[in-house]
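Student:
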Amino acid sequence: MKKYFCLFLLLILSVVCLNAQNALPRTYEYDDAGNRILRKTVELRNEVAQTPVAAPATSATEAQAAYYEESLGDKLTARIYPNPTKGEVCLRFNRNVKEGYYQILNMSGQTVKQGSFESAAALIDFSAFPTGTYMLYLSADGQRDTWKVVKE
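Going letter by letter, the sequence shown gives residues 0 to 151 in numbering that gives the first Met the number 0.
Have a look at this one:
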(Lines of atoms letter the chains of each structure in order from A and count residues from 1; the text may use other names and numbers.)
(Lines give C-alpha, C1' and ligand atoms only; values in the text may rest on other atoms or scores of the structure.)
Protein backbone atom coordinates (compact mmCIF):
# COMPACT_ATOMS: atom_id res chain seq x y z
CA MET A 1 0.00 0.00 0.00
CA LYS A 2 2.85 2.36 0.82
CA LYS A 3 4.31 1.66 -2.63
CA TYR A 4 1.06 2.69 -4.37
CA PHE A 5 0.79 5.83 -2.27
CA CYS A 6 4.33 6.88 -3.26
CA LEU A 7 3.60 6.20 -6.95
CA PHE A 8 0.38 8.21 -6.72
CA LEU A 9 2.20 11.11 -5.05
CA LEU A 10 4.91 11.00 -7.72
CA LEU A 11 2.27 11.07 -10.46
CA ILE A 12 0.52 14.09 -8.92
CA LEU A 13 3.80 15.99 -8.55
CA SER A 14 4.81 15.30 -12.15
CA VAL A 15 1.44 16.55 -13.44
CA VAL A 16 1.78 19.74 -11.40
CA CYS A 17 5.31 20.31 -12.73
CA LEU A 18 4.22 19.78 -16.33
CA ASN A 19 1.35 22.24 -15.96
CA ALA A 20 3.67 24.84 -14.45
CA GLN A 21 5.99 24.59 -17.46
CA ASN A 22 3.12 25.36 -19.83
CA ALA A 23 2.02 28.48 -17.95
CA LEU A 24 2.15 31.70 -19.97
CA PRO A 25 4.35 34.52 -18.71
CA ARG A 26 2.37 37.34 -17.16
CA THR A 27 3.40 40.83 -16.23
CA TYR A 28 1.44 43.22 -14.07
CA GLU A 29 1.29 47.00 -13.81
CA TYR A 30 0.23 48.86 -10.69
CA ASP A 31 -0.78 52.43 -9.96
CA ASP A 32 0.81 54.55 -7.22
CA ALA A 33 -1.66 53.25 -4.63
CA GLY A 34 -0.66 49.65 -5.31
CA ASN A 35 -3.79 48.66 -7.21
CA ARG A 36 -3.31 46.37 -10.18
CA ILE A 37 -4.37 48.23 -13.32
CA LEU A 38 -3.16 45.89 -16.06
CA ARG A 39 -2.37 42.22 -16.51
CA LYS A 40 -0.51 41.30 -19.69
CA THR A 41 -0.11 37.83 -21.09
CA VAL A 42 2.45 37.76 -23.86
CA GLU A 43 2.95 34.70 -25.97
CA LEU A 44 5.06 34.06 -29.02
CA ARG A 45 3.40 31.57 -31.30
CA ASN A 46 4.67 29.95 -34.43
CA GLU A 47 1.38 29.25 -36.15
CA VAL A 48 -0.25 30.26 -39.39
CA ALA A 49 -1.22 33.87 -38.87
CA GLN A 50 -4.33 35.32 -40.43
CA THR A 51 -3.30 37.81 -43.06
CA PRO A 52 -5.56 40.79 -43.75
CA VAL A 53 -7.14 41.15 -47.16
CA ALA A 54 -5.21 44.37 -47.79
CA ALA A 55 -1.88 42.58 -47.43
CA PRO A 56 -1.84 39.08 -48.91
CA ALA A 57 1.11 36.92 -47.98
CA THR A 58 3.71 36.91 -50.73
CA SER A 59 5.30 33.64 -49.68
CA ALA A 60 4.65 30.63 -47.50
CA THR A 61 7.20 31.85 -44.95
CA GLU A 62 5.33 35.13 -44.50
CA ALA A 63 2.02 33.33 -44.05
CA GLN A 64 3.56 31.10 -41.38
CA ALA A 65 5.07 33.90 -39.31
CA ALA A 66 5.47 34.20 -35.58
CA TYR A 67 3.27 36.82 -33.97
CA TYR A 68 2.87 38.50 -30.63
CA GLU A 69 -0.53 38.89 -29.05
CA GLU A 70 -1.12 41.10 -26.07
CA SER A 71 -4.04 42.51 -24.14
CA LEU A 72 -4.23 46.30 -24.35
CA GLY A 73 -7.08 46.70 -21.94
CA ASP A 74 -10.15 44.98 -20.62
CA LYS A 75 -11.48 43.83 -23.98
CA LEU A 76 -8.92 44.89 -26.60
CA THR A 77 -6.16 42.58 -27.75
CA ALA A 78 -3.57 43.30 -30.43
CA ARG A 79 -1.64 40.92 -32.63
CA ILE A 80 1.54 42.06 -34.40
CA TYR A 81 3.14 39.95 -37.11
CA PRO A 82 5.52 39.08 -38.67
CA ASN A 83 8.23 39.92 -36.19
CA PRO A 84 11.04 39.95 -37.26
CA THR A 85 9.97 41.52 -40.55
CA LYS A 86 11.53 42.27 -43.91
CA GLY A 87 8.83 44.70 -45.02
CA GLU A 88 5.35 45.28 -43.67
CA VAL A 89 4.10 44.61 -40.16
CA CYS A 90 0.42 43.88 -39.68
CA LEU A 91 -1.49 45.11 -36.62
CA ARG A 92 -4.69 43.15 -36.02
CA PHE A 93 -7.17 43.81 -33.23
CA ASN A 94 -10.02 41.67 -31.96
CA ARG A 95 -12.48 44.51 -32.68
CA ASN A 96 -12.64 47.78 -34.60
CA VAL A 97 -10.52 50.58 -33.19
CA LYS A 98 -12.17 54.01 -33.23
CA GLU A 99 -9.01 55.98 -32.58
CA GLY A 100 -5.60 54.40 -33.19
CA TYR A 101 -2.15 55.95 -33.36
CA TYR A 102 1.35 54.51 -33.78
CA GLN A 103 4.85 55.91 -33.53
CA ILE A 104 8.06 54.11 -34.55
CA LEU A 105 11.34 55.07 -32.91
CA ASN A 106 14.82 53.84 -33.71
CA MET A 107 17.15 52.81 -30.90
CA SER A 108 18.49 56.39 -30.71
CA GLY A 109 15.03 57.57 -29.72
CA GLN A 110 14.33 59.41 -32.98
CA THR A 111 10.85 59.14 -34.47
CA VAL A 112 11.18 57.55 -37.91
CA LYS A 113 7.47 57.16 -38.70
CA GLN A 114 4.08 57.85 -37.19
CA GLY A 115 0.50 57.50 -38.29
CA SER A 116 -3.06 56.74 -37.35
CA PHE A 117 -5.67 54.08 -38.12
CA GLU A 118 -9.37 53.46 -37.52
CA SER A 119 -10.08 49.78 -38.14
CA ALA A 120 -9.47 46.28 -36.84
CA ALA A 121 -6.31 45.91 -38.97
CA ALA A 122 -3.51 48.18 -40.12
CA LEU A 123 -0.27 47.79 -42.06
CA ILE A 124 2.98 49.55 -41.23
CA ASP A 125 5.72 49.58 -43.85
CA PHE A 126 9.21 48.97 -42.45
CA SER A 127 10.87 48.35 -45.84
CA ALA A 128 12.44 51.84 -46.03
CA PHE A 129 14.16 51.42 -42.66
CA PRO A 130 17.65 49.97 -42.27
CA THR A 131 18.12 46.63 -40.53
CA GLY A 132 17.82 46.95 -36.77
CA THR A 133 15.51 47.06 -33.78
CA TYR A 134 12.70 49.59 -33.49
CA MET A 135 10.23 50.51 -30.76
CA LEU A 136 6.59 50.63 -31.82
CA TYR A 137 4.44 52.76 -29.53
CA LEU A 138 0.81 51.87 -30.04
CA SER A 139 -2.27 53.67 -28.76
CA ALA A 140 -5.71 52.22 -29.52
CA ASP A 141 -8.90 53.62 -28.00
CA GLY A 142 -6.94 55.14 -25.12
CA GLN A 143 -4.98 51.95 -24.33
CA ARG A 144 -1.21 52.18 -24.82
CA ASP A 145 1.58 49.67 -25.19
CA THR A 146 5.13 49.37 -26.52
CA TRP A 147 6.42 46.66 -28.84
CA LYS A 148 9.90 45.83 -30.00
CA VAL A 149 10.01 45.12 -33.76
CA VAL A 150 13.07 43.71 -35.51
CA LYS A 151 13.69 44.69 -39.14
CA GLU A 152 15.80 42.15 -41.04
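In this text, a Cβ means the ideal position worked out from N, Cα and C, and glycines have one as well.
Please report the residue range of the beta strand (DSSP E) in which Glu87 lies.
Tutor: Glu87 -> beta strand (DSSP E) spans 87–92.
Student: Taking C-beta to C-beta, are Tyr136 and Gln102 nearer than 8 Å?
Tutor: Yes, the pair counts as a contact, with Cβ atoms nearer than the cut-off.
Student: Closest to Thr26 by C-alpha separation, out of Ser118, Asp144, Pro83, would be which residue?
Tutor: Selected option, being the one with the closest Cα: Asp144.
Student: What are the boundary residues of the beta strand (DSSP E) that includes Leu135?
Tutor: Taken as a continuous stretch (DSSP letters only), the beta strand (DSSP E) holding Leu135 covers 131–139.
Student: With Gln109 as the anchor, note down where its beta strand (DSSP E) starts and where it stops.
Tutor: Premise fails: Gln109 is in no beta strand (DSSP E) and is neither H nor E.
Student: Can the beta-carbon of Asn105 be found less than 8 Å from the beta-carbon of Gly131?
Tutor: The answer is yes: Cβ separation under 8 Å.
Student: Would you kindly report the start and end of the unbroken beta strand (DSSP E) that includes Val148?
Tutor: First-last of the beta strand (DSSP E) with Val148: 142–150.
Student: In the DSSP output, what is Asp31 paired with across the bridge?
Tutor: In DSSP, Asp31 forms no bridge with anything.
Student: By the DSSP assignment, the beta strand (DSSP E) with Ala121 in it spans what residues?
Tutor: Unbroken beta strand (DSSP E) run through Ala121: 120–124.
Student: Helix, strand or coil for Phe128 per DSSP?
Tutor: Of the three classes helix, strand and coil, the one that applies to Phe128 here is coil, per DSSP.
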